[in-house]
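Visitor:
Residue numbers (UniProt numbering), protein chains in the order written: chain X, 1 to 393; chain E, 1 to 284.
Shown next, in the form of C-alpha cells:
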C-alpha cells in the first residue's frame, strides 16, 4: 500500500519560545508544565502516524487533545515546530513543513482539500460559487469550472440548489456544499475537521452514510477528526487516539475496543456498544486452543456439548450435539431456521458478533463454529467468549 | 502665583512656537508647491461645479434620481430623491447645493481612497494600527478651527482648503470602519481560503474585502455624513455652497435664510445616505 500522508515525530508549539518548549518536550514535560514555564501552548508532541492511500484514518480525542492541530499540519494551517509531514504529490513526496510557498499553494489547490466543522462557506456567494472556490483559486477556466462544479453538486444531490446562497440552506445541506467544494478540486487527500459535529444526530448519521458511499466510489485518502467514538468506529479504517497532544494508541477499530492501551482509552470506549464493532474473529477461540478428542473430534465448547469431526483438509466431516448427530448451518440463514436442537451454526471471521449471538440464541446457547472462506474449520465461539468480550473481561 | 507654578510657567514648552516655526518653514520654502496644488484643485472643483450648473436643474435632479434607482432598485427611493431635490430648487438654493454636493462627494471619495487601503494595512498589521490609532484620535478630536489656520496659510482661501480640512476630518472614520470590517472577517472563512490555496491577494479580494464590504460601505455613508457636517467650517475658509449661506445667516441673524439652507443640507444628507446604503452581503 502506498503511503499518502506520513507524520514523523511532529511537535507543534504555539508561542514565541519554540526552542525552550521543544527542550521541555524532549524532557517529557506535560502540556501544563510547558504552559507554566514558557507561556507556550503545546499543540502536539512526538506524533508519528502513517496514513495509507484509500483509508479513512480517524484522529480521536477530547477537545484540546491535539487532534485538530495535527490534522491542520497536513496543509500547514498550523505550522509544525519540529518534525516532518510528508504528503504524496503525484509520484514524489513533499515535506509540507519545509516546502516553499508555491509548492504549498499547489498542494492545497490540487492534492489536499479540507472540510471544516463550521462549514467555512462564503455567505455572499451562491452554492455553486462556493463549490467552485478551490478551482477558481487554482485558475481553472470558467467553462471547465462550471462543468466540474455541476458534477459535484449532482454527486451530493444539491444541483437544485446551485443558485441559492449558503445561508438559505440547512446545516446538513451547508456541509454537503462543503463536501462538494472539497471534492471539486479532485484532490486525492481529504482533511475533515469534525465535519459533522455541528449537525443534529439524525443528519449526522445520514451524512456519515453518504460519506461512506462516496468513499466507496471515490477512494480518497481521508484524515477525519472526531470526538465521537461511535462515529470513529463507524467510518474509520484506522483510529488514532490522542491525549494532551500525544498519540496514545493507533489501530483498527476493534483493536481499540478490545485492547485499550490505557485508562484514558478505556474511559473513551466505556460507553461504546461492543456489538457495533466486534466480529466473530475478535472473540473466537482458535482451533488449536480447543480441546481435542480421539479420531479427529474437537470439542467446540468448554461444557463439551458440541463437537466436530475434522478431516485432513480441515473440513467438517461430522457434527454431534448432546451426543446426537447434528447438521451445521450458516449463520447467514439464522432467521429462516426452525429452532431444532440438532443444529450447529457456523460463521465467517467477518460475521458481526451480533449475528453470532443471534445464532446462539436460536440454538439454545450452542457454540458457533468459525469457517474460513474455503469452509475450513478455524475456531469456535462459546457463550463464555461472547460474555467476556461484551463485558470486556 | 506659587513658586512651583511660576517655575513651570517660566519654563513653558514652546509647542505653539515650534508649530508656528514648522508651518513658517513650509510656507517659506514650499509656498509655490502648495499654491500650485491648491490652484489646480480649485480649478478642478470649480470646473466640475460649472459643468453641473450648465445642466438644467430639474434635468440634473432627474439624473440623480436615476442614479439612486440604479444603486438601490427602489422606486419610492428614486421618487423621494427627486422630490427632495425639487424642494431645494424651489428654495432657490440649487447653485449652493451643487457646490456643496461636489465638495462632499469629492471629500468622501478621497477619504475612502486614502482610508480604505490604510484600514486594510492596519488590519493586517496590528503594530501599524497601534501607531495609527493616536494619530486618528488626534485628527478626529483636534478642534476643527485649529487646523483651519495652518491650512489657510498653506493653501489660501477657496474650495481646495475646504476639501482638505474635510478630508482630514473624515479619513479616520474610513480607516476605522475598514479596519473593523477586515479584522471581523470570520477566521473560518479565511482558513477556508487558505486551505484551498489562495494567494495573499486572492485572499484579500475574494475573501476579506467581500466579507468586509458591508462595514466598508457603512464607512462610505459615514464619510459622506461627516463631510456634510464640515461644510459650515469649510465655508469659513472660502469653500462655497450651503455652508456659506449658513455663515451669512449667522452673521446677519437671519433666521429664514439659516432655516432654508439648513433644511437643504438635511435633505442632501438624507438623499446621499439612502443612496449609498447597501444591504448585508449575500442578500441583494
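C-beta: ideal position from N, C-alpha, C; glycine also.
1) For the candidate residues 32/X, 319/X, 224/X, 346/X, whose alpha-carbon lies nearest to that of residue 330/X?
2) Do you know whose CA, among 276/E, 161/E, 185/E, 265/E, lies nearest residue 36/E's CA?
3) Less than 6 Å between C-beta atoms, sequence neighbours within five positions excluded: which residues of the same chain meet that for residue 430/X?
4) Is the distance from the Cβ of residue 252/X to the Cβ of residue 353/X below 8 Å?
5) Applying the 10 Å Cβ sphere with the 16-neighbour rule, what's the burial state of residue 194/E?
6) Helix, strand or coil for residue 364/X? Go by DSSP, reduced to three states.
7) Using a Cβ-Cβ cut-off of less than 8 Å, list which residues of the region 191–217 of chain E approach chain X; keep chain order.
8) Distance check for residue 52/X and residue 1/X, CA to CA, integer angstroms please.
9) Report yes if the C-beta distance between residue 394/X and residue 259/X is below 8 Å; otherwise report no.
10) Once you ignore the five residues that flank residue 221/E on each side, which residues in its own chain have a CB closer than 7 Å to its CB?
11) Can you name the start and end residues of the alpha helix (DSSP H) that residue 267/E belongs to?
12) Should residue 196/X be flagged as near chain E, meaning a C-beta pair shorter than 8 Å?
13) Does the separation of the CB atoms of residue 386/X and residue 356/X fall below 8 Å?
14) Taking 8 Å as the CB-CB limit, is residue 281/E close to chain X?
15) Please determine, among 241/E, 175/E, 189/E, the residue with the shortest C-alpha to C-alpha distance to residue 128/E.
16) Just to confirm the assignment, what range does the alpha helix (DSSP H) spanning residue 238/X have?
17) Closer than 7 Å, Cβ to Cβ, to anything on chain X: give me those residues from the region 175–189 of chain E, in chain order.
18) When the Cα atoms are used, what is the spatial distance from residue 131/X to residue 182/X?
19) Measuring only the C-alpha atoms, how far is residue 284/E from residue 109/X?
20) Kindly list, in the order they appear in chain E, the residues whose Cβ is closer than 9 Å to that of residue 192/X.
21) Could you tell me the distance, in whole angstroms, from the CA atom of residue 33/X to the CA atom of residue 59/X?
22) Locate the alpha helix (DSSP H) running through residue 183/E, then write down its first and last residues.
23) With a 10 Å radius around its C-beta and 16 neighbouring C-beta atoms as the bar for buried, classify residue 134/X as buried or exposed.
24) DSSP state of residue 201/E, grouped into three classes?
25) When every heavy atom of the ligand ZN is checked, does at least one fall within less than 7 Å of the C-beta of residue 163/E?
26) Find out if the Cβ-Cβ distance for the pair residue 249/E, residue 241/E is shorter than 8 Å.
27) Taking 8 Å as the cut-off, decide whether the C-beta atoms of residue 174/X and residue 119/X are in contact.
28) Span of the beta strand (DSSP E) holding residue 11/X?
29) By the criterion of Cβ-Cβ separation under 7 Å, what are the contact partners of residue 118/X in chain E?
30) To the nearest angstrom, report how far apart residue 214/X and residue 67/X are at their CA atoms.
31) Comparing alpha-carbon positions, which option in 209/X, 136/X, 124/X lies nearest residue 168/X?
32) Can you confirm whether the region 142–159 of chain E touches the region 199–206 of chain E when touching is taken to mean that 3 or more C-beta pairs between the two stretches lie within less than 8 Å?
33) Which of helix, strand or coil does DSSP assign to residue 19/X?
34) One question on the structure: do residue 74/X and residue 96/X come within less than 8 Å of each other, judged by their Cβ atoms?
35) So, under 8 Å CB-CB, residue 100/E and residue 243/E are touching, yes? Tell me the CB distance rounded to an integer number of Å.
Guide: According to the structure data:
1) 346/X
2) 161/E
3) Absent from the model: residue 430/X. The displayed extent of chain X is 1 to 393, so no value can be given.
4) no
5) buried
6) coil
7) 191, 192, 193, 194, 195, 196, 197, 198, 199, 202, 206, 207, 210, 211, 213
8) 6 Å
9) For residue 394/X there is no data in the structure shown, the boundaries of chain X being 1 and 393.
10) 273, 276, 277
11) 255–276
12) no
13) yes
14) Low confidence applies to residue 281/E: its pLDDT is 39, below 50, so where it sits in the model is not reliable, and the reading given next is rough at best. With 8 Å as the cut-off, residue 281/E counts as an interface residue toward chain X.
15) 175/E
16) Element bounds for residue 238/X: not the alpha helix (DSSP H) but the beta strand (DSSP E), 238–243.
17) 188, 189
18) 8 Å
19) Confidence in residue 284/E is poor, its pLDDT being 37 and thus under 50, which makes the residue's placement unreliable; the coordinate value appears in the next sentence. Rounded to the nearest angstrom, the two C-alpha atoms are 30 Å apart.
20) What residue 192/X touches in chain E: nothing, since even the nearest Cβ is about 12 Å away.
21) 24 Å
22) 159–183
23) buried
24) helix
25) You won't find the ligand ZN in this model; it holds no ligand whatsoever.
26) no
27) yes
28) 3–14
29) 188
30) 24 Å
31) 124/X
32) no
33) helix
34) yes
35) 7 Å
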